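J.:
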């Protein structure tokens, strides 16, 4: 069963891509997709984007604009479609943070299959809630609720997550799912953070490799705030203090 790739297996090949605004590079890997690598200083001036006024003083910069997020998800959807050609994939959305990525991914997959003939159901989906964060830190203690996991026996599961930070959440969740004897378990994550405290877990499908910064927006939150931001942004110290407790 596939349970995500390890950093030891990652190929050390990087190819420059000029049309990524010179802030990122494609990183070829041994997994099922190539990763867009955003350099540590790859940010945009927040004044150049439409950001809700009430969030402006809490945002340091824009890391990934909304349009680039959507384009990248479309390519990930194509990669997933090819990886599961001829098979039904059961998408398992990790709430709440993964919901924006999940919804966009499902819509792209739906459009791909709408105009292609196949004699099988290409995908189904379900939801699971996994909690591991308090404030800006991952606790490593995973709390799981939601779907009846026993129904995934002999199914091809694809966990859809917003971000792989320390990797501890997925490192615990994937073995738990394997106890229910699925055909396979893979992970799709919009973001993968270069966190020095990472346990080494990496997803099978990854949108962006990002610097070790606390990011918000596109359903990524800080104490349940900022989920409604269109762009993925970096929170500043003032924002961390201002929203130290949820509203």
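In our numbering, the protein residues as written are 2 to 248.
Yeah, the Cβ is synthetic: ideal placement off N, Cα and C, and Gly gets one too.
Quick caveat, the model's predicted, so the values are computed rather than measured.
What is the rounded straight-line gap between the Cα of residue 235 and the Cα of residue 201?
T.: Their backbone Cα atoms lie some 23 Å apart in a straight line.
J.: Helix or strand or just coil, what does DSSP make of residue 51?
T.: Here residue 51 sits in coil by DSSP.
J.: Tell me whether residue 10 is buried or exposed, calling it buried when 16 or more other Cβ atoms sit within 10 Å of its Cβ.
T.: Low per-residue confidence applies at residue 10: pLDDT is 36, beneath 50, and the placement is therefore not dependable, though the value from the model is reported in the following sentence. When all chains shown are included, residue 10 counts as exposed.
J.: Indicate whether residue 1 and residue 103 have their beta-carbon atoms separated by less than 7 Å.
T.: Residue coverage of the chain in this structure runs from 2 to 248, which leaves residue 1 outside it and unanswerable.
J.: Thinking C-beta only, is residue 199 closer than 7 Å to residue 170?
T.: Going by C-beta atoms, residue 170 is not nearer than 7 Å to residue 199.
J.: At the 7 Å Cβ level, is residue 238 part of the contact set with chain D, yes or no?
T.: Looking at the structure shown, chain D is missing, and only one protein chain is on hand.
J.: Mind checking who residue 216 pairs with in its DSSP beta bridge?
T.: DSSP, once it has assigned bridges, lists 235 as partnering residue 216.
J.: Mind checking which residues open and close the alpha helix (DSSP H) that includes residue 108?
T.: Here the alpha helix (DSSP H) through residue 108 covers 100-115.
J.: If you follow the alpha helix (DSSP H) that residue 78 is part of, which residue opens it and which one closes it?
T.: Here the alpha helix (DSSP H) through residue 78 covers 67-84.
J.: Quick check on the DSSP output: what are the complete alpha helix (DSSP H) runs of length 4 or more inside the stretch 123-187, in order along the chain?
T.: Runs found: 169-179.
J.: Taking the CB atoms as reference points, tell me whether residue 156 and residue 114 lie closer together than 7 Å.
T.: Cβ distance not < 7 Å, so residue 156 and residue 114 don't count as in contact.
J.: Pull up the CB-CB distance for residue 227 and residue 217, whole angstroms please, since I reckon it's below 8 Å.
T.: So it is a contact: roughly 4 Å between Cβ atoms.
J.: What residue does the beta strand (DSSP E) around residue 38 start on, and which one ends it?
T.: Its beta strand (DSSP E) spans residues 36-39.
J.: Determine the extent of the beta strand (DSSP E) in which residue 208 is found, giving its start and end residues.
T.: Unbroken beta strand (DSSP E) run through residue 208: 206-211.
J.: Going by DSSP, which residues form a beta bridge with residue 96?
T.: Looking at the DSSP assignment, residue 96 forms a beta bridge with 130.
J.: Considering only DSSP beta bridges, list what residue 241 is partnered with.
T.: The partner list for residue 241 (beta bridge, DSSP) is empty, contrary to what the question assumes.
J.: Check whether the stretch 60-72 touches the stretch 32-49, counting contact only when three or more Cβ pairs, one atom from each stretch, lie closer than 8 Å.
T.: Taking 8 Å as the limit for Cβ pairs, the verdict is that the stretch 32-49 does touch the stretch 60-72.
J.: Hey, how far is the Cα of residue 233 from the Cα of residue 149?
T.: Using only the alpha carbons, I get a separation of about 32 Å.
J.: Suppose you measure from the CA of residue 151 to the CA of residue 181; what does that come to, to the nearest Å?
T.: Residue 151 and residue 181: Cα-Cα distance of roughly 6 Å.
J.: In three-state DSSP terms, what is residue 57?
T.: Three-state DSSP puts residue 57 in a helix.
J.: Rounding to the nearest angstrom, what Cα-Cα distance links residue 255 and residue 222 in this structure?
T.: The question about residue 255 has no answer here: the residues shown for the chain are numbered 2 through 248.
J.: Relative to the C-alpha of residue 128, which residue among 246, 81, 76 and 153 is closest?
T.: Out of 246, 81, 76 and 153, 153 has the C-alpha closest to the C-alpha of residue 128.
J.: Less than 7 Å between the C-beta atoms of residue 89 and residue 131, yes or no?
T.: Not a contact, by the Cβ cut-off of 7 Å.
J.: Within 6 Å: the Cβ of residue 94 and any heavy atom of the ligand GTP?
T.: As far as ligands go, the structure on display features none, and thus does not contain the ligand GTP.
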